[in-house]
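Participant:
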Amino acid sequence: MATSDELVLEVDGREVRISSPEKVFFAERGETKRDLVEHYLRFREPLLRTMGGRPTLMQRFPEGASGSSFFQKRVPKSAPDWLETTIVSTPNGTTSRALVVADLAHALWAVNLGCLGFHPWPYRAADPEHTDELRLDLDPQPGTDFTDVRAAAHALRELLDELGIRGYPKTTGNRGLHVYVRLEP
Numbered sequence: 005m006a007t008s009d010e011l012v013l014e015v016d017g018r019e020v021r022i023s024s025p026e027k028v029f030f031a032e033r034g035e036t037k038r039d040l041v042e043h044y045l046r047f048r049e050p051l052l053r054t055m056g057g058r059p060t061l062m063q064r065f066p067e068g069a070s071g072s073s074f075f076q077k078r079v080p081k082s083a084p085d086w087l088e089t090t091i092v093s094t095p096n097g098t099t100s101r102a103l104v105v106a107d108l109a110h111a112l113w114a115v116n117l118g119c120l121g122f123h124p125w126p127y128r129a130a131d132p133e134h135t136d137e138l139r140l141d142l143d144p145q146p147g148t149d150f151t152d153v154r155a156a157a158h159a160l161r162e163l164l165d166e167l168g169i170r171g172y173p174k175t176t177g178n179r180g181l182h183v184y185v186r187l188e189p
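Under our numbering, the first residue of the sequence shown carries the number 5, and numbering increases by one thereafter.
Written out as C-alpha cells, the structure is:
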C-alpha cells in the first residue's frame, strides 16, 4: 500500500517502491524523484537497449544531483528477492555482487536509492567472458576543456566513419564523453 511518503509502482510484473517521491533531486528545475521515475518510464526502450542485461555500477546522489555522490558496486543485502545480480570481478581481483539491469523495474529500484549515474559493464551478465562493447573515454586533460573534448569526439567520429564503424556518444556526467562501439562476437 502506498502512502504519501511512498509511491508503489507495478513495473515489468514487479512491485517497485519509491520512497520520498517528492524529494527534490534537481533543485534548479525543481524536479523530484517522481519526475525522474517518470522520465525513465518514458525512455524505457533506449535505456534498456543501452544497459539491459548488463552488470551495472551505481553512482548514487542521496541528496540530489547537486549533493555529494558515491559509487556503489555491491547490491545491499536488503534488496528485494526479485532483483537480479551477478558476481563481477575488478582488475585488482576483488569481486562484488552487482546489479543487473534486467528490466526497467531494476533501474527504478536503483533510482529509488538516488542512483543518477548508471555505469554498465562492457559485457552481458549472461556472457561475462565476451566483451561486446568498446568504450572510448574522452576527458579533458590539464590545460584543456570540453571544447577540446568535442573536437576529439568529432575527429574520432571521422575515423570511425572511415572504418565503417558506428559509435554512440554519451556524456559522462560531469566533464567528458564516452563513445560506445558495439563489438561483434
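Glycine residues also receive a C-beta, built at the ideal position from the N, C-alpha and C atoms.
Can you list, in chain order, the residues of its chain with a C-beta nearer than 7 Å to that of residue 128? Leave out the 5 residues immediately preceding and following it.
Facilitator: Cβ within range, chain order: 57, 58 and 136.
Participant: For residue 69, which residues from the same chain have a beta carbon less than 8 Å from its beta carbon, with the 5 sequence-adjacent residues on both sides left out?
Facilitator: For residue 69, where only same-chain residues beyond five positions count, the Cβ hits under 8 Å are 29, 30, 31 and 120.
Participant: Classify residue 17 as helix, strand or coil using the three-state DSSP reduction.
Facilitator: Correct three-state label for residue 17: coil.
Participant: Please report the distance separating the alpha-carbon of residue 61 from that of residue 44.
Facilitator: Between residue 61 and residue 44, the C-alpha separation is close to 17 Å.
Participant: Kindly confirm or deny that the segment 102-111 and the segment 10-25 touch, where touching means at least three C-beta pairs closer than 8 Å.
Facilitator: The segment 102-111, when compared against the segment 10-25, does touch it at the 8 Å Cβ threshold.
Participant: Go ahead and label residue 5 buried or exposed: buried means 16 or more other beta carbons lie within 10 angstroms of its beta carbon, across all protein chains shown.
Facilitator: Its pLDDT being 44, under 50, residue 5 is placed unreliably by the model, and the measurement read from it follows with that caveat. Exposed, because fewer than 16 other Cβ atoms sit within 10 Å of the Cβ of residue 5.
Participant: From the DSSP output, in three-state form, read off residue 153 for me.
Facilitator: Looking at residue 153 - three-state DSSP - the assignment turns out to be helix.
Participant: For the 8 Å Cβ check, are there 3 or more pairs between the segment 143-150 and the segment 170-186?
Facilitator: Yes: at least three Cβ pairs fall under 8 Å.
Participant: Measure how close the beta-carbons of residue 79 and residue 101 come, nearest whole angstrom, since I'm counting them as under 8 Å.
Facilitator: Yes, they are in contact, since the Cβ atoms of residue 79 and residue 101 sit about 5 Å apart, within 8 Å.
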